[in-house]
Every structure is written in C-alpha cells, then in structure tokens.
Amino acid sequence: MNVSTPITVLRDSFSTIDPVINQIVITILILLIGFIAGKLIGRLIQVGLKEIQLDKQIKRLIRFDLQLSKWVGSLVSYAIYAASIIIALARLKLMGYVMYVLLIVILVVFVMSILGFVKDFLPNVLAGIYLKKRGFFKPGDKILLPNIKGKIVSINWLETEIYTNGKDKVFIPNSVFSKQEFFVKK
1 MNVSTPITVL
11 RDSFSTIDPV
21 INQIVITILI
31 LLIGFIAGKL
41 IGRLIQVGLK
51 EIQLDKQIKR
61 LIRFDLQLSK
71 WVGSLVSYAI
81 YAASIIIALA
91 RLKLMGYVMY
101 VLLIVILVVF
111 VMSILGFVKD
121 FLPNVLAGIY
131 LKKRGFFKPG
141 DKILLPNIKG
151 KIVSINWLET
161 EIYTNGKDKV
171 FIPNSVFSKQ
181 EFFVKK
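Reminder that position 60 of the sequence shown reads as 60 in our numbering, one-by-one numbering, no gaps.
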C-alpha cells in the first residue's frame, strides 16, 4: 500500500496538470496562428491594393500621398491580432478580467484626452472672448509679435489668422495674446 500511494499521487497530479498544460499549449497555438495569419493577410491586402494602384489614384485625386494601402493592410493585421488575442483569452477564461482592465484603460485615456482638450481649449476661448470684447485689433490691422509681423485676416474664438509680410498664413492661438506683448497699427 505504501508503494501504490506515491504512484497514485503522481498520477492524480499529472491528471490535474495535463488539462492546464493542454489549455496553455492551445492558447499559444491560437496566438501564433493568429499573428502569422494577421501578418500574412495584412501583407497580401497591402500588395493587392498597391497592385491596383490605389495609392496613385488617391494621390492624383486629393494631391496628398496618403499611403492608404499601407494603412488598410496594417488595420487588417491589427484586427486579426486583436481577434486572436480575444479568442486566446476566452480560451483561458480570462476575458472578463481583461475587459475590466481594458475598460479602465480606455476610461483613463478618455479622461486624459478631455483634460488635455480643456487645457488647450479653455484658455484660447477665454482669450478670444476677451480680445473680441476689448477690441484690441480687427481684421485689416497690422500686428507685431516677438516672432511674427503681418496683417490680421480674421479673428475667431480660438485663433487669429495673420498673413505675414512673406505672404505666409499663420494661425496664432488667442491665448498667446494674453501671454506675450504685441503691437497693433491700425
């Protein structure tokens, strides 16, 4: 009875470990196949779109090199990567935890984006209101800032459009006028 007990313990241990190892191996295979398929399919789509000269057609239409074939190929690759990760996590029964973490990360990024937006937006709007209310300058006036000299074209809530003497169009955030000294010639 003493000899059979260690064998029974070992057999029971391997029978509980075996399904776990099996799950891990299958999950790794799912990820491996997903990443290989994502790379391959993304590359094929990119080559196919280049073959039909999509990038040249778009560049001719909008006069901007967008490299849409590269973007679409990458987007398809990343979608396949994400799908394989989701399938692998579901296989390990970790999807619920990961979704909570992902939701928290998305929420944090959203809040940080809103804070960044407010940080830039609010001072410009307040300065725009102040500039319009005080009437420091109007379209047609010449303005001199430390690094810019030109003619004011338009003033809106966020920025002031100026044509420089070199005929460049410059957009100055309205908050700059509350932070820097400027001179106006009417």
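All C-beta atoms, glycine included, are put in the ideal place defined by N, C-alpha and C.
Residue i Cβ short of 6 Å to the ligand MN heavy atom set
i, result
"Gly135", "Looking for the ligand MN in the displayed structure turns up nothing, as the structure carries no ligands at all."
Residue i versus residue j: straight-line alpha-carbon distance, rounded
i, j, result
"Met1", "Gly38", "Caution is warranted here: a pLDDT of 48 is assigned to Met1, below 50, making its placement in the model unreliable, and no coordinate value can be reported."
"Thr160", "Ile87", "51 Å"
"Lys186", "Tyr100", "59 Å"
Residue environment, residue i, which counts as buried when at least 16 other CB atoms sit within 10 Å
i, result
"Gly73", "buried"
"Ser69", "buried"
"Phe117", "exposed"
"Thr5", "exposed"
Sequence-distant residues of its chain with Cβ nearer than 8 Å to residue i (five each side left out)
i, result
"Ile148", "Ile162, Thr164, Val170, Ile172"
"Ser84", "Ile30, Leu31, Ile33, Gly34, Phe35, Ala37, Gly38"
Member of the options whose CA lies at the smallest distance from the CA of residue i
i, options, result
"Ile45", "Lys56, Val76, Arg63", "Val76"
"Lys138", "Lys151, Pro146, Leu145", "Lys151"
Tell me whether the segment 100-113 and the segment 146-160 touch, counting them as touching only if at least three CB pairs, one residue from each stretch, are closer than 8 Å. These segments do not touch.
Would you call the segment 166-182 and the segment 120-135 in contact, with 3 or more CB pairs under 8 Å? Flag = yes, the segment 166-182 and the segment 120-135 touch.
Taking contact to mean at least 3 C-beta pairs separated by less than 8 Å, is the segment 86-101 in contact with the segment 40-50? Because the criterion of three Cβ pairs below 8 Å is not met, the segment 86-101 and the segment 40-50 do not touch.
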